[in-house]
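This report refers to the structure that appears directly beneath it.
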Amino acid sequence: MSAVAERLGAALEMDKVESHLHPEGSFDVADHEVPTGREEIWRFTPLKRLKGLHQEASLAGTSYAPAFDAPEGVRIEQVEGDALKGVSGLVPWDRISARAFAEAKSTLAVTIPAETELDRPVFVTLKGTGTDEATATHAVIRAEKFSQAVVVIRFEGSMILADNVEVVVEDGAKLTVISIDDWADDAVHVGHRHIRVGRDAEFKHVDITIGGDVVRHDTTAEYSGPGGSVEMLGLYFADAGQHIEHRLFVDHTAPKTKSHVVYKGALQGEKAHTVWIGNVLIRKVAEGIETYEENRNLVLTDGCHADSVPNLEIETGEIAGAGHASATARFDDEHLFYLRSRGISEKEAQRLVVHGFFDDLIRKIGVPELQEQLAATVEAELAKNVLKELV
Amino acid sequence: MSTLEIKDLKVQVNTEDGPKEILKGVTLTIKDGETHAIMGPNGSGKSTLAYSIAGHPRYEITGGTVTLDGEDVLEMSVDERARAGLFLAMQYPVEVPGVSVSNFLRTAKTAISGEAPKLRTWVKDVNSALDLMNLDSTFSSRSVNEGFSGGEKKRHEIAQLDLLDPKVAILDETDSGLDIDALKVVSEGVNRFRERDNKGVLLITHYTRILRYIKPDYVHVFVDGKVADEGGPELADELEANGYEKYLTAAV
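Protein chains in written order, with my numbering: chain B, 8 to 398; chain E, 75 to 326.
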């Protein structure tokens with residue numbers, strides 16, 4: 008363990024908090040019992056559809072093809088062995104994370120060198136090529152000091168994936184990571200993201216979840232110095248039978264840090280299920296911090312189910328601000344009435360409202376080409392249900 | 075040629091204490107080229123009349139008829155009514171997050187005229203309509219009514235009236251909450267609409283102030299869900315001098 012990690016570990020040790028929000032992690036798979044579904048962190052997840060990821064299923068699969076497109080200056084390498092694992096301070100906090108951590112044979116490392124400002128995004132595409140055997144992967148994205156970059160990770164095709172993605176945003180760096188789960192209908196993805204944000208660093212996470220049978224993302228951000236900020240934006244669209252789960256944990260481990268979380272989702276079709284858990288912990292040391300988290304769900308048809316649970320734990324009152332909001336609703340009748348009173352048909356009015364619901368979030372992504380793609384994706388999703396009779 | 079004909083209209087709303095009758099038999103005919111003012115105290119049912127004609131789901135029609143050029147308006151959906159030529163300028167225009175004014179206007183125009191407007195002339199038309207309402211061109215990229223001031227919301231309603239060009243416009247307390255400058259701008263907009271051929275206007279107001287700028291042909295006094303008195307523009311002057319007092323005591 009490096010000296011920095013030791014100091015960080017010692018600091019966190021002193022500040023230990025007893026709470027289900029942050030179970031003690033362990034690298035040893037045996038320390039994580041096979042979940043039964045009654046545990047707080049598993050109670051929303053359809054374990055039966057995880058293809059044994061949470062049990063003993065082999066993770067030796069290699070049924071995927073990675074592709075890269077990066078501007079000059081970015082280092083992309085596949086590092087064999089365990090050397091890079093855990094650099095963000097990740098200690099697996101559930102069984103699937105621990106299994107993936109132990110079994111991933113190598114680490115995909117994307118490094119933006121110090122003081123490098125990229126003029127276009129780095130694209131990493133992971134295309135699944137089969138669901139015969141589950142796959143474990145590990146990735147580390149590191150933005151070195153004062154660098155600025157956007158990294159887009161796109162998941163597509165069919166596979167059963169358990170992965171750990173570690174992100175290190177060094178002091179003064181600005182990093183955006185855009186994760187797009189655009190899987191085929193039969194994919195299963197249980198992903199863990201652990202982010203460490205340095206002093207005065209800015210991290211933006213954009214989490215887009217469209218495809219897959221079961222997608223569960225467990226994302227934790229913590230700070231290694233004061234002044235860091237985290238923005239997390241999420242957009243998801245669950246269709247009939249789909250389970251999309253986002254579990255977020257912002258651990259305010261340093262003073263004067265900021266976090267802002269906005270996740271918006273739409274649900275359509277029988278047994279479409281979404282889960283959003285937004286956990287925030289403000290530790291004693293984290294004076295002067297500011298946090299806000301928000302989840303909004305738009306239920307487009309009957310038969311959908313949205314769970315939304317914001318949790319805020321505060322150990323110091325010396326903060327600039329803390330708040331959260333959660334709302335799950337159908338179309339607002341007044342919105343539709345206003346639009347329809349101008350001659351716009353009911354379907355078309357619904358279409359406008361759904362686009363509007365997502366648009367202010369999409370506009371914040373800051374990558375124009377992706378914003379256009381996403382608007383088109385929303386349109387394609389709408390075509391499955393709301394607009395079916397329009398076409 | 076267009077005529078909005080309201081006959082013995084009865085409307086109720088559901089409240090916690092059960093259904094409550096708001097309109098108790100309203101009869102009113104607006105022929106083309108005519109401007110009718112409906113005046114009345116708070117709670118007399120003026121806005122209910124406006125929203126009932128537009129088809130708001132909160133209001134349940136329990137009797138009577140509304141026709142536009144002989145077509146049964148009450149049988150139409152909200153959007154069909156608008157496409158048939160009715161327009162309601164709302165007292166409290168609704169905020170629709172994330173939907174830009176330009177997208178909204180283009181979608182509405184396309185729905186009403188049955189085809190997408192020609193791009194080049196349309197942009198010009200929109201800018202001119204906004205400009206006439208003292209709304210600058212950045213306005214069209216904002217979300218519909220979101221963060222608009224009270225005056226901006228009303229001016230946006232009248233810009234829509236200009237662009238969507240209905241047969242009959244119902245203006246529900248468009249004058250409320252406007253300062254004198256905004257009131258003039260809005261009134262000029264309504265007057266430009268009236269100058270077009272075959273347009274009817276139903277102007278609902280609490281105050282006589284707006285009638286100095288928009289001269290009605292007929293004035294109807296609304297009390298307790300019914301028309302209590304009718305007359306020419308001189309009736310507005312009388313109301314300005316004496317208020318609604320005599321109608322209220324008569325109603326009790």
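Ideal placement from N, C-alpha and C gives every residue a C-beta, glycine not left out.
In chain order, what residues of the stretch 351-378 of chain B put their CB closer than 8 Å to some CB of chain E?
Per Cβ criterion, the list reads Ile351, Ser352, Glu353, Glu355, Ala356, Leu359, Val360, His362, Gly363, Phe364, Phe365, Asp366 and Asp367.
Hey, threonine 264 of chain B and valine 306 of chain B are a contact pair by Cβ (cut 8 Å); roughly how many whole angstroms apart?
By a beta-carbon distance limit of 8 Å, threonine 264 of chain B does not contact valine 306 of chain B. Their separation comes to about 34 Å.
Under 9 Å between beta-carbons, which chain B residues line up against aspartate 153 of chain E? List them in chain order, please.
Leu346, Arg347, Ser348, Arg349, Gly350, Ile351, Ser352, Glu353, Glu355 and Ala356
Short Cβ contact (8 Å threshold) for leucine 276 of chain E with valine 293 of chain E
no
To which residues does DSSP link glutamine 85 of chain B through a beta bridge?
B:Leu115
Collapsed DSSP secondary structure at phenylalanine 161 of chain E in the structure displayed
strand
So if DSSP puts alanine 315 of chain E in a beta bridge, which residue, or which two residues, is it bridged to?
DSSP lists no partner for alanine 315 of chain E.
Assigned exposure category for valine 316 of chain B - 16 Cβ within 10 Å defines buried
exposed
Once DSSP output is grouped into helix, strand and coil, what is the label at aspartate 367 of chain B?
helix
Chain E within 8 Å of histidine 267 of chain B, Cβ atoms only:
no
Please report whether the beta-carbon of glycine 251 of chain E lies at a distance below 8 Å from any beta-carbon of chain B.
no
For a test of the three-state rule: what should DSSP assign to proline 93 of chain E, helix, strand or coil?
strand
Using a beta-carbon distance cut-off of less than 9 Å, what residues from the stretch 210-221 of chain E approach chain B?
Those residues of the stretch 210-221 of chain E that come within reach of chain B (Cβ to Cβ, closer than 9 Å) are Ser217, Val218 and Asn219.
Our contact map puts valine 117 of chain B next to valine 131 of chain B with C-beta atoms below 8 Å; I'd like the distance itself, whole angstroms only.
With a Cβ gap of about 7 Å, valine 117 of chain B and valine 131 of chain B count as contacting.
Report yes or no: is there a C-beta of chain B within less than 8 Å of the C-beta of proline 93 of chain E?
It does not: the Cβ of proline 93 of chain E has no partner Cβ on chain B nearer than 8 Å.
Return the CA-CA distance between methionine 207 of chain E and aspartate 255 of chain E, expressed in angstroms with no decimal places.
11 Å
When you compare the CB positions of glycine 234 of chain B and aspartate 258 of chain B, do they come within less than 8 Å of one another, or not?
no
Hey, how far is the Cα of glycine 92 of chain E from the Cα of lysine 300 of chain E?
For the pair glycine 92 of chain E and lysine 300 of chain E, the Cα-to-Cα distance works out to about 21 Å.
How would you label lysine 92 of chain B, buried or exposed, when you count the other beta carbons within 10 angstroms and need 16 or more for buried?
buried
Contact criterion: CB-CB distance below 8 Å. Does glutamate 341 of chain B meet it with respect to chain E?
yes
Can you check which of these residues, E:Gly251, E:Gly224 and E:Leu245, is closest to threonine 122 of chain E by C-alpha distance?
The shortest C-alpha to C-alpha distance from threonine 122 of chain E to any of E:Gly251, E:Gly224 and E:Leu245 is the one to E:Leu245.
Glutamate 163 of chain B and tryptophan 190 of chain B - do their beta-carbons sit closer together than 8 Å?
yes
Count Cβ pairs between the stretch 228-241 of chain E and the stretch 182-191 of chain E that sit closer than 8 Å; are there 3 or more?
yes
Within 10 angstroms of its Cβ, does valine 398 of chain B collect 16 or more other Cβ (buried), or is it exposed?
Its pLDDT being 39, under 50, valine 398 of chain B is placed unreliably in this model, and the coordinates cannot settle the point.
Test item: CB-CB of alanine 141 of chain B and alanine 64 of chain B under 8 Å:
yes
Simplified DSSP state of valine 398 of chain B, which is helix, strand or coil
Caution is warranted here: a pLDDT of 39 is assigned to valine 398 of chain B, below 50, making its placement in the model unreliable, and no coordinate value can be reported.
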